[in-house]
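Trainee:
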Amino acid sequence: MGAWLIEFISNIVNITGNALVDTIIFSVIGIISASVSFGLVGALFQLTGKYNSKDMSDMHWGLRVIIFVILTFVLVKIAEFIRWLLVPPALYYLIAFAVVAVIGVVLLLIFKKPVDEIRIEEIKGTENKEAINQNTNFKELDRFDESKCPYCGGLLVDRKGPYGKFTGCSNYPECKYTSKR
-9 MGAWLIEFIS NIVNITGNAL VDTIIFSVIG IISASVSFGL VGALFQLTGK
41 YNSKDMSDMH WGLRVIIFVI LTFVLVKIAE FIRWLLVPPA LYYLIAFAVV
91 AVIGVVLLLI FKKPVDEIRI EEIKGTENKE AINQNTNFKE LDRFDESKCP
141 YCGGLLVDRK GPYGKFTGCS NYPECKYTSK R
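In the numbering used here, the protein residues as written are -9 to 171.
In structure tokens:
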């Protein structure tokens, strides 16, 4: 698009309130709309297999104007929304929301209990060892206290079996906890 058109549009449509900044924004929108329309026209004519430079040029300029108008409209609406946010009542709500969100995140970080720790407490309170066998992946639990059995609290010892090295509970055969190492 010509420079005169961009200057004309920047005089009509006010995005930031600064004519120079608006002209730069419209120039960028013009470059984006030109690139997008160029790609779309090329793809459309490649699909049809017909290449007519006059038709391609006409379609390019039509799409370019449509995309320019759409991008300008969207940008103006975004600018209006940002300006609305910075007006005192909305600004106060925005600041209050940000403060509440920060306080919420800080409280979550302070009182968050690791999932593995919660799972260990559930296991310690469970009397049914068969349920523990079926519902627990103890590889994740082993990294907290490698010397204690998560089933019975006994000591874990390194052993060697027909399938290789593993860690087992020292209270075997009463406790059948094992872990691959």
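C-beta: ideal position from N, C-alpha, C; glycine also.
Anyone know if the C-beta pair for Gly143 and Cys159 falls short of 7 Å?
Mentor: It is not a contact, given that the beta carbons lie outside the stated cut-off.
Trainee: Since Thr6 is in the beta strand (DSSP E), which residue starts that stretch and which ends it?
Mentor: Premise fails: Thr6 is in no beta strand (DSSP E) and is neither H nor E.
Trainee: Roughly how far, in whole angstroms, is the beta-carbon of Leu65 from the beta-carbon of Ile19, given that I think they are within contact range, below 8 Å?
Mentor: Correct: roughly 7 Å between the Cβ atoms.
Trainee: Restricting to Cα atoms, I'd like to know which of Phe58, Ile57, Ile56 and Ala33 is closest to Met46.
Mentor: Cα-wise, what sits closest to Met46 is Ala33.
Trainee: Could you tell me whether the Cβ atoms of Leu30 and Leu53 are closer together than 7 Å?
Mentor: Yes, Cβ-Cβ distance for Leu30 and Leu53 is below 7 Å.
Trainee: According to DSSP, is Val18 part of a helix, a strand, or is it coil?
Mentor: Three-state DSSP puts Val18 in a helix.
Trainee: Taking Phe28 as the reference, give the member of Pro79, Pro78, Met49 and Val11 with the closest Cα.
Mentor: That would be Met49, whose Cα lies nearest to the Cα of Phe28.
Trainee: Compute the Euclidean distance between the alpha carbons of Lys138 and Gly154, then round it to the nearest angstrom.
Mentor: Computed Cα separation, rounded: 21 Å.
Trainee: Taking DSSP as the reference, what is the three-state secondary structure of Lys166?
Mentor: In the structure shown, Lys166 sits in coil (DSSP, three-state: anything other than H, G, I, E or B).
Trainee: Just the Cα atoms here: how many angstroms apart are Ala88 and Thr6?
Mentor: C-alpha separation (whole angstroms): 25 Å.
Trainee: For Val147, does the three-state DSSP call read helix, strand or coil?
Mentor: Residue state, collapsed to three classes: strand.
Trainee: Does the beta-carbon of Phe(-2) have 16 or more other beta-carbons within 10 angstroms, so that it is buried, or is it exposed?
Mentor: By the 10 Å Cβ count, Phe(-2) comes out exposed.
Trainee: Between the alpha carbons of Arg73 and Phe35, how many angstroms are there, rounded?
Mentor: Taking the straight line joining both Cα atoms gives about 42 Å.
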